[in-house]
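Chemist: One structure coming up, written as structure tokens, with questions to follow.
Number of protein chains: 2
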Amino acid sequence: MKRVLLKVSYDGAGYHGWQVQPNAITVEGVLNEKLSELTGESIEVIGASRTDAGVHALGNVAVFDTESTIPPERFSYALNTILPEDISVAESFEVPPGFHPRKTDTEKTYEYTILNTKFPVPGRRGYTWHVKVPLDIDKMRSAASVLIGPHDFRGFCSSKTQAESTVRTIYSINVTKHEDEIKIVVCGDGFLYNMVRIIAGTLASAGGLGKVTVTDIEKALRTGDRTLAGLTAPPQGLCLVDIWYPELEEIYPESENCGSDF
Amino acid sequence: MKRVLLKVSYDGAGYHGWQVQPNAITVEGVLNEKLSELTGESIEVIGASRTDAGVHALGNVAVFDTESTIPPERFSYALNTILPEDISVAESFEVPPGFHPRKTDTEKTYEYTILNTKFPVPGRRGYTWHVKVPLDIDKMRSAASVLIGPHDFRGFCSSKTQAESTVRTIYSINVTKHEDEIKIVVCGDGFLYNMVRIIAGTLASAGGLGKVTVTDIEKALRTGDRTLAGLTAPPQGLCLVDIWYPELEEIYPESENCGSDF
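Protein chains in written order, with my numbering: chain D, 102 to 363; chain P, 102 to 363.
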């Protein structure tokens with residue numbers, strides 16, 4: 102029996118999110134079906150991040166156990182021949198039997214993209230949040246700086262959050278602008294339900310879309326009052342870029358570390 | 102009677118190209134329909150570039166004549182409320198009555214995007230050409246340099262080309278790589294049928310996908326032998342970025358000039 106890890110990319114537009122649901126097509130559901138087809142076993146993957154409907158991924162992670170003789174490194178090739186075009190496996194390799202992608206220390210990197218133009222740009226509508234008010238990048242950066250570090254983020258998550266603790270550490274938030282696109286790259290040890298989308302909405306508000314101030318953000322962190330932060334930005338602007346496990350560094354050196362010098 | 106210019110963006114995936122066709126949905130057809138609806142007149146636009154099925158645009162150009170009382174600058178706002186989500190009008194303004202978008206000196210900028218990864222990336226498949234062989238950017242740049250300047254490009258166009266002359270001037274070709282994406286930005290005074298896609302295919306071949314050499318490209322330019330250049334790259338990687346009319350500089354100063362110091 103081997104435990105195999107998959108790095109999974111997908112276009113979220115066609116799926117009701119990651120997690121298996123009755124009567125809905127999900128990324129996890131498709132992976133289970135294709136892996137079971139490939140191995141002749143009844144496979145149920147364990148996913149690292151249960152992304153929402155419409156959210157994209159470059160590097161979500163799933164593991165599964167198999168008796169198959171397919172070499173772990175070959176699963177990516179074998180799966181990519183039978184997966185639909187909007188799901189792709191970028192890497193596959195063996196991990197220790199006890200490795201659990203949600204119960205292991207991690208660094209996750211998300212990217213949120215805002216298209217800051219007067220009118221929507223048709224070719225970007227599925228992958229960006231269109232904001233027509235011109236945003237002030239410097240104000241967005243000031244707002245972002247307040248969020249860095251370990252904080253109780255209960256004011257920055259959906260009321261549907263079921264996590265036991267709402268304390269998370271954000272290692273870095275980079276706000277950059279290239280032509281009409283503003284990218285918010287957030288790296289941290291984990292994120293609560295809707296947390297990255299609320300951060301994106303809060304920074305957009307601070308940048309000119311709304312009236313959130315640095316003081317409001319500090320107060321939201323202190324009091325946990327969700328109404329002080331900004332709106333929840335829409336899902337299609339969000340992409341789970343990378344999940345990094347320090348524990349796997351030896352066997353997976355090419356993964357990107359987001360740099361937690363914090 | 103006023104002549105109004107529209108700068109048109111679209112996601113080419115949903116259209117059978119620009120030009121009106123019987124029994125097929127085209128960008129030009131949709132614009133004619135929506136402009137006629139808006140003005141109560143029977144409008145037929147004149148387009149600058151008849152992009153192929155699947156090709157995208159940020160700044161294609163169309164003009165039309167109208168007696169409407171809608172101010173020319175307001176057509177973009179009015180159209181964007183009734184156009185489908187995958188077509189958008191970025192700008193509209195009045196131009197001189199005789200202005201013809203295909204019979205006026207111009208500089209056109211196209212961008213071709215190659216996704217150079219081992220496996221396709223689902224979120225990018227509609228907007229890139231996936232090439233899994235690692236490409237050598239320096240070799241692509243060397244190949245590109247041969248194409249700069251005025252040349253007879255009959256070896257770099259589809260046999261369906263109907264142009265009277267096949268001489269065109271390329272002002273610049275910039276090949277850049279950012280992470281896994283290679284962008285080829287081509288600026289010139291005009292392009293023959295499929296010419297940018299053949300240039301992209303030729304540079305990819307020179308970069309390692311095929312065996313085209315700088316000598317082959319020089320010979321293709323000299324002899325017009327289409328078989329010496331590379332394959333025609335697929336449409337979804339191509340985007341018409343901008344069309345610039347020096348004649349309109351006075352009334353349209355914010356348009357980008359691609360810099361024809363040639």
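The beta-carbon is built from N, C-alpha and C at its ideal position, and this holds for glycine as well.
1) Does DSSP put D/F165 in a helix, in a strand, or in coil?
2) Figure out for me which residue from P/T324, P/I249, P/L293 and P/I126 has the closest Cα to the Cα of P/I188.
3) Could you work out which residues of chain D lie near P/W181, taking near to mean beta carbons separated by less than 7 angstroms?
4) Would D/L248 and D/N217 be called neighbours here (beta carbons separated by less than 8 angstroms)?
5) Answer yes if the stretch 322-339 of chain P comes into contact with the stretch 295-304 of chain P, meaning at least three C-beta pairs across the two stretches below 8 angstroms, and no otherwise.
6) Between which residues of its own chain and P/G311 is the CB-CB distance below 8 angstroms, once the five residues before and five after are set aside?
7) Exposed or buried, what is D/T303 when buried is set at 16 or more other beta-carbons lying within 10 Å of its beta-carbon?
8) Which term fits P/L184, buried or exposed, when burial requires 16 or more other beta carbons within 10 angstroms of its beta carbon?
9) Between P/G256 and P/D326, which are expected to be in contact by the criterion C-beta below 8 angstroms, what is the C-beta distance as a whole number of angstroms?
10) Mind pulling the alpha helix (DSSP H) runs of 4 or more residues that sit fully within the stretch 186-250 of chain D?
11) Helix, strand or coil, according to DSSP, for D/V342 in the structure here?
12) Return the residue from the list D/L136, D/S150, D/T152 and D/V156 that minimises the CA-CA distance to D/S167.
13) How would you list, in chain order, the residues of chain D whose beta-carbon sits under 8 angstroms from the beta-carbon of P/R226?
14) Counting only the same chain and skipping the five closest in sequence on each side, list residues whose C-beta sits under 6 angstroms from that of D/E145.
15) Leaving aside the five residues before and after D/P221 along the sequence, list all residues of the same chain whose C-beta is less than 6 angstroms from its C-beta, in chain order.
16) Smallest Cα separation from P/Y211: which of P/K240, P/L341 and P/E351?
17) Skipping 5 residues on each side, what residues in its chain have a beta carbon closer than 7 angstroms to that of P/D372?
18) Secondary structure at D/T127, three-state DSSP: helix, strand or coil?
19) Could you compute how far the alpha carbon of D/F200 sits from the alpha carbon of D/Q263?
20) Assign D/T170 to one of two classes, buried (16 or more other C-beta atoms within 10 Å of its C-beta) or exposed (fewer than that).
21) Rank P/N161, P/Q120, P/D206 and P/F165 by C-alpha distance to the C-alpha of P/D142 and give the top, closest one.
22) Quick check on D/F363 - is its C-beta less than 8 angstroms from some C-beta in chain P?
23) On the premise that D/L180 lies in contact with D/L139, defined as a C-beta separation below 8 angstroms, what is that separation, rounded to the nearest angstrom?
24) Leaving aside the five residues before and after P/L322 along the sequence, list all residues of the same chain whose C-beta is less than 6 angstroms from its C-beta, in chain order.
25) For P/R269, write down the residues that DSSP places opposite it in a beta bridge.
26) Does the separation of the CB atoms of D/T205 and D/Y346 fall below 8 angstroms?
27) Would you call D/T152 buried or exposed, if buried means 16 or more other Cβ atoms sit within 10 Å of its Cβ?
28) Please state whether the Cβ-Cβ distance between D/S243 and D/V315 is less than 8 angstroms.
29) Measuring CA to CA, which of D/L159, D/G115 and D/S246 is closest to D/V318?
30) For a test of the three-state rule: what should DSSP assign to P/A264, helix, strand or coil?
31) Considering only residues of the same chain and omitting the five flanking positions on each side of D/K278, which have a CB-CB separation below 7 angstroms?
32) Would you call the CB atoms of D/E192 and D/D290 closer than 8 angstroms?
33) Tell me whether P/P223 is buried or exposed, calling it buried when 16 or more other Cβ atoms sit within 10 Å of its Cβ.
34) Check whether the Cβ of P/N181 sits closer than 7 angstroms to any heavy atom of the ligand SAH, and report yes or no.
35) Going by beta carbon distance, what residues of the same chain come within less than 6 angstroms of D/T328, once the five residues before and after it are set aside?
36) Under the DSSP definition of a beta bridge, which residues are partnered with D/H157?
Modeler: The short version:
1) In the structure shown, D/F165 sits in a strand (DSSP, three-state: E or B).
2) It is P/I126.
3) Strictly speaking, residue 181 of chain P in this sequence is Asn, with Trp absent from that position. Residues of chain D passing the Cβ test: F220.
4) Taking 8 angstroms as the Cβ cut-off, D/L248 and D/N217 do not qualify as a contacting pair.
5) Put simply, the stretch 295-304 of chain P touches the stretch 322-339 of chain P. At least three CB pairs are less than 8 angstroms apart.
6) So the list reads A305, G331 and L332, once near-sequence residues are dropped.
7) With at least 16 other beta carbons inside 10 angstroms of its own, D/T303 counts as buried.
8) Buried is the call here.
9) Rounded, the Cβ-Cβ distance is 5 angstroms, consistent with contact.
10) The stretch 186-250 of chain D is shown to contain whole alpha helix (DSSP H) runs of 4 or more residues at 238-248, in chain order.
11) For D/V342, the secondary structure class from DSSP, reduced to helix, strand or coil, is strand.
12) Correcting the residue type first, residue 167 of chain D is Thr in the shown sequence and not Ser. Ranking D/L136, D/S150, D/T152 and D/V156 by Cα distance to D/T167 puts D/L136 first.
13) Near P/R226 (Cβ distances below 8 angstroms), the residues of chain D are D112, E186 and D187.
14) The beta carbon of D/E145 sits closer than 6 angstroms to the beta carbons of N133 from its chain, once the five residues preceding and following it are set aside; these are given in chain order.
15) H231.
16) Looking at the Cα atoms, P/L341 is the closest of the given residues.
17) Here chain P comprises residues numbered 102 to 363, so residue 372 of chain P is not present and cannot be evaluated.
18) Coil at D/T127, not helix or strand.
19) Each residue's Cα considered, the two are about 23 angstroms apart.
20) By the neighbour-count rule (16 or more Cβ atoms within 10 Å), D/T170 is not buried but exposed.
21) In the sequence under discussion, the amino acid at residue 142 of chain P is Glu, which differs from the Asp named in the question. The shortest C-alpha separation from P/E142 is found at P/F165.
22) Confidence in D/F363 is poor, its pLDDT being 42 and thus under 50, which makes the residue's placement too unreliable to answer from.
23) Yes, they are in contact, since the Cβ atoms of D/L139 and D/L180 sit about 7 angstroms apart, within 8 angstroms.
24) Counting only Cβ-Cβ distances below 6 angstroms, and skipping sequence neighbours, we find H252.
25) In the DSSP output, where bridge partners are listed per residue, P/R269 has P/H252.
26) Yes, these two residues count as a Cβ contact at 8 angstroms.
27) By the neighbour-count rule (16 or more Cβ atoms within 10 Å), D/T152 is buried.
28) Yes, the pair counts as a contact, with Cβ atoms nearer than the cut-off.
29) This sequence places Ile at residue 318 of chain D; Val is not what is there. The option with the nearest alpha carbon to D/I318 is D/S246.
30) In the structure shown, P/A264 adopts coil according to DSSP, grouped into three states.
31) Excluding sequence positions up to five before and after D/K278, its CB lies within less than 7 angstroms of the CB of I238, all in the same chain and listed in chain order.
32) The answer is no: Cβ separation not under 8 angstroms.
33) Flag for P/P223 reads buried.
34) With respect to the ligand SAH, the structure shown offers nothing to examine, as it has no ligands at all.
35) Hits under 6 angstroms: none found.
36) Answer is D/C340, bridged to D/H157.
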